[in-house]
Amino acid sequence: MQTQLEKNRARQRARHPDFLRTALIVLVFALPIIGILYLYSLINGSLDSIQAFGFGFLVSSKWIPNPPNGGPPILGALPAIYGSVVTTTIALLFAIPISLGIALFQSDLAPRKLRLPSIFLVELLAAVPSVVYGLWGILFLVPFMSNSVDPWLLGSLGFLPIFSGYANGLGMLTAGVILAIMIIPYGSAVMREVVTAVPRAQREACIALGGTRWETMRMAVIPYASTGIIAAVVLAMGRAIGETMAVTMVIGNVARITPSLFLPAETIPSVIANEFTEVAGNGIYLAALFELGLILFAVAFIMNLIGRLLITRLAFHGKVASDA
Amino acid sequence: MTSSSIAGWQPTASVTIVGAGATFPQPLIQKWTVTYNQLYPQVTISYSGIGSGGGIQQITAKVVDFGASDAPLSNTQWAAAPGLVFFPETLGGVAVTYNLAAYGIPSTTVLHFTSSVIAQIYMGTILKWNDPQLVALNPNVTLPDAHITAVHRSDGSGTTFAFTNFLSVTDPNWAAQVGYATSVTWPVDTAPGAAGVGGKGNPGVAGAVANTNGAIGYVDLIYALSNNLGVGAVENAAGNFVQPNLQTILYAAQNATGTPNPKDLRLHIVNAAGPQSYPISTYTYILTYQDMSNDPNISLPMAQAMAHFFWWAVHDGQQYAPGLYYVPLPANVVSADEQLLLTLNYQGTPLLSSS
Chain A
0 MQTQLEKNRA RQRARHPDFL RTALIVLVFA LPIIGILYLY SLINGSLDSI QAFGFGFLVS
60 SKWIPNPPNG GPPILGALPA IYGSVVTTTI ALLFAIPISL GIALFQSDLA PRKLRLPSIF
120 LVELLAAVPS VVYGLWGILF LVPFMSNSVD PWLLGSLGFL PIFSGYANGL GMLTAGVILA
180 IMIIPYGSAV MREVVTAVPR AQREACIALG GTRWETMRMA VIPYASTGII AAVVLAMGRA
240 IGETMAVTMV IGNVARITPS LFLPAETIPS VIANEFTEVA GNGIYLAALF ELGLILFAVA
300 FIMNLIGRLL ITRLAFHGKV ASDA
Chain B
0 MTSSSIAGWQ PTASVTIVGA GATFPQPLIQ KWTVTYNQLY PQVTISYSGI GSGGGIQQIT
60 AKVVDFGASD APLSNTQWAA APGLVFFPET LGGVAVTYNL AAYGIPSTTV LHFTSSVIAQ
120 IYMGTILKWN DPQLVALNPN VTLPDAHITA VHRSDGSGTT FAFTNFLSVT DPNWAAQVGY
180 ATSVTWPVDT APGAAGVGGK GNPGVAGAVA NTNGAIGYVD LIYALSNNLG VGAVENAAGN
240 FVQPNLQTIL YAAQNATGTP NPKDLRLHIV NAAGPQSYPI STYTYILTYQ DMSNDPNISL
300 PMAQAMAHFF WWAVHDGQQY APGLYYVPLP ANVVSADEQL LLTLNYQGTP LLSSS
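Right, dumping it as structure tokens:
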């Protein structure tokens with residue numbers, strides 16, 4: 000039997016022919032097609048490089064676009080991949096605990112009056128354009144790192160290979176710090192949602208057992224929200240690995256693999272941004288930049304996929320919990 | 000269809016012309032486009048500084064109406080764009096700049112460099128400011144026991160081309176190991192104990208030098224002056240140490256250019272002869288099709304306006320150069336440019352006539 004609501008809907012549908020529906024369907028199918036075309040053009044653009052360098056592109060650390068003897072370019076992506084992995088890891092090391100702290104503060108600890116302003120302030124960070132972060136990085140963070148943080152690390156932890164060498168502020172550590180600041184709003188926003196979604200009963204049960212506030216968060220809230228927290232980390236990681244402008248401005252842009260976090264390096268997006276204007280008439284060079292883009296696309300795609308899967312699992316959990 | 004005479008020329012239709020390329024001449028070209036638009040309101044010219052390589056690529060692909068490049072076209076690049084011609088529109092110098100203020104050496108102190116010392120710094124074999132070779136060149140300055148951070152461009156650039164061209168011409172070691180191009184592989188980046196850093200664009204290099212104690216870098220002259228950085232004196236072919244300024248760059252152009260060949264205006268003026276010539280000087284070029292109808296996007300009125308604009312730029316436009324730290328073209332180059340510009344045509348009909 001049709002309810003009144005369904006009857007109304009049927010009437011509306013009769014009045015508005017399926018124009019909107021058709022348009023939406025077309026749009027929905029257009030998006031994946033654009034995605035496929037985009038992927039195709041990336042693969043197509045990198046064919047020359049894939050043929051010339053093969054698998055060696057991923058493991059070679061030489062980046063010589065214009066050899067002095069006038070020969071063909073010798074190009075390898077390893078320094079860029081390495082730089083991307085290291086800077087993203089540094090960013091996550093800083094961003095995960097801080098984001099989680101912010102999320103827990105906003106969901107469980109903040110006085111009602113502070114909650115909204117603090118959410119607003121953190122999310123404001125997400126609205127700052129990345130070139131502004133880069134500018135702030137080169138004018139403030141780089142001198143601060145080279146004058147204060149780096150000498151202190153050199154003095155106290157200089158025996159570690161990751162804190163060795165000569166620090167001038169432009170390098171992977173500074174890039175990682177700036178990335179951390181940029182991804183914290185994303186990480187904390189998603190984490191806040193999942194932490195807030197933890198059922199009240201879960202918290203109350205722990206408190207009833209005599210748990211302190213800290214124990215409640217540690218033993219009841221975080222484990223329950225863990226899948227969602229991991230999803231937030233993956234999303235933040237996807238953003239960090241693709242960030243271009245701010246990183247380019249502070250990383251020092253040098254194709255080398257070094258354990259020292261003080262030293263300049265490069266990332267996949269920074270190489271593309273730096274070098275694509277000068278690839279005229281150099282087919283393999285251009286193809287190599289396309290291939291870098293393809294690698295980045297693949298990495299970002301896989302990360303997003305993992306994030307999606309984790310979020311789906313969480314949604315399923317949540318449903319079970321609320322039904323129970 | 001007759002070719003228009005230059006003096007009394009007026010546009011016949013409203014046209015928009017788009018150019019792109021080198022960032023080095025961008026301030027001057029933008030000054031020209033604005034001034035030209037005030038003189039001829041029907042002609043709107045826009046110019047984007049996307050880099051020399053980008054300029055060459057986009058004019059080759061006929062995406063833009065004219066290109067600009069600091070590095071002259073290589074034979075391969077020229078062969079890839081049949082019918083493309085180019086002419087110098089201004090020239091400038093590349094300054095060797097440094098930041099030693101933290102060590103009590105203000106930017107007004109002029110340090111002396113030879114090409115060999117610069118090459119060794121960028122090869123990562125001279126690592127400290129108190130290296131005996133640097134001390135010997137600068138006996139009156141107390142150079143600190145501080146690391147040298149060698150800043151270079153991370154993006155391809157005509158500035159890099161001029162700088163590495165100078166090092167290649169003067170230092171056989173550099174020519175063999177690094178060579179010259181709009182982007183090269185810098186040995187200092189991977190040399191043990193050395194600190195090489197790449198900055199994006201002239202502002203990126205100037206910014207890195209300004210914010211790093213003990214940094215050295217190379218930028219177009221105006222960026223060193225506007226950032227209040229030290230500007231070094233570089234040893235020229237005559238053995239004198241010369242600082243870049245409008246006069247010493249012009250000396251280099253006058254001494255090195257000879258009689259330019261309008262059919263091939265690639266002019267190398269690094270390491271020019273003459274006692275007062277600044278050795279790291281470079282022309283910068285505008286690229287256009289000799290028969291502008293080669294590019295199907297260019298109509299006859301556009302071609303006429305563009306040819307007239309080029310003529311205006313190498314004559315009247317030159318007066319705006321010194322204010323922006325560019326050097327007006329020497330007379331022999333202007334006349335070579337004139338000969339080239341007079342061959343610009345549209346389907347065979349010349350666009351300019353000297354009458």
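Which chain is which? The protein sequence lines are A and B, in order. Using numbering that gives the first Met the number 0, the letters of the first sequence map in sequence onto residues 0 to 323. Using numbering that gives the first Met the number 0, the letters of the second sequence map in sequence onto residues 0 to 354. Virtual Cβ for every residue (Gly too), placed ideally from N, Cα, C.
Residue contact check for A:T266 against chain B: no CB pair falls below 8 Å. Here A:A29 is exposed. Its C-beta has fewer than 16 other C-beta atoms within 10 Å.
Looking at B:L339, B:N296, B:G82, B:G155, the one whose alpha-carbon comes closest to that of B:T15 is B:N296. Contact between B:G198 and B:R152 holds: their C-beta atoms lie close to 7 Å from each other, under 8 Å. At a cut-off of 8 Å, the C-beta of A:S117 has no neighbouring C-beta in chain B. Contact holds between the stretch 269-287 of chain B and the stretch 47-64 of chain B, because three or more Cβ pairs, one in each stretch, are under 8 Å apart.
Taking C-beta separations shorter than 7 Å and ignoring five residues to either side along the sequence, the partners of A:G44 in its chain run A286, F289, following chain order. With fewer than 16 other CB atoms across the displayed protein chains lying within 10 angstroms of its CB, A:N7 is exposed. The residue from B:Q275, B:V187, B:V313 with its alpha-carbon nearest to that of B:Q338 is B:V313. When A:V127, A:S106, A:L77, A:Y185 are compared, the shortest CA-CA separation from A:T195 is found for A:S106. At a cut-off of 8 Å, the C-beta of B:H267 has no neighbouring C-beta in chain A. At least 8 Å separates the beta-carbon of A:S98 from that of A:I206.
The continuous stretches of beta strand (DSSP E) do not include B:H314, and DSSP gives it neither H nor E. Between the alpha carbons of B:Q37 and B:Y325 lies a distance of about 22 Å. In the three-state reduction of the DSSP assignment, B:K30 falls in the helix class. Look at A:V176: its C-beta is not under 8 Å from any C-beta on chain B.
Using a Cβ-Cβ distance cut-off of 8 Å, the stretch 245-259 of chain A and the stretch 185-193 of chain B are in contact, since at least three pairs of beta carbons, one from each stretch, lie closer than that value. Pairing B:Y222 with B:A251 gives a Cβ-Cβ distance that is not under 8 Å.
Below the 7 Å Cβ cutoff, chain A contributes W62, I63 as neighbours of B:T184, in chain order.
Around the beta carbon of B:Q119, 16 or more other beta carbons sit within 10 angstroms, so the residue counts as buried.
Secondary structure at B:G206: helix, using DSSP grouped into helix, strand and coil.
Interface with chain A (8 Å Cβ-Cβ cutoff): B:D154 is included. B:L90 places its beta carbon less than 8 Å from that of B:L328. For A:Y132, the enclosing alpha helix (DSSP H) stretches over residues 129-135. Under the 8 Å criterion on CB atoms, B:Q37 is classed as non-interfacial with respect to chain A. Among the residues of chain B, those whose CB is under 9 Å from the CB of A:R255 are D188, T189, G195, following chain order. Secondary structure at B:E88: strand, using DSSP grouped into helix, strand and coil. DSSP lists A:L74 as the beta-bridge partner residues of A:W62. In the three-state reduction of the DSSP assignment, B:E337 falls in the helix class, which pools H, G and I. The beta carbons of B:A70 and B:I49 sit no closer together than 8 Å.
Counted as a single uninterrupted DSSP element, the stretch harbouring B:I285 is not any alpha helix (DSSP H) but the beta strand (DSSP E) occupying residues 280-288. Comparing alpha-carbon positions, the option among A:L308, A:A166, A:M190 lying closest to A:I118 turns out to be A:M190. Chain B places no beta carbon closer than 8 Å to that of A:I101, leaving this residue out of the contacts. For A:L57, the closest of A:I63, A:P64, A:I49 by C-alpha to C-alpha distance is A:I49.
Sequence-distant partners of A:L309 (beyond 5 residues in either direction) whose C-beta falls short of 8 Å from its own C-beta, in its chain, are T226, G227, I229, A230, V233.
The C-beta distance from B:N254 to B:A232 rounds to 18 Å, too long to fall under 8 Å, and the pair is not in contact.
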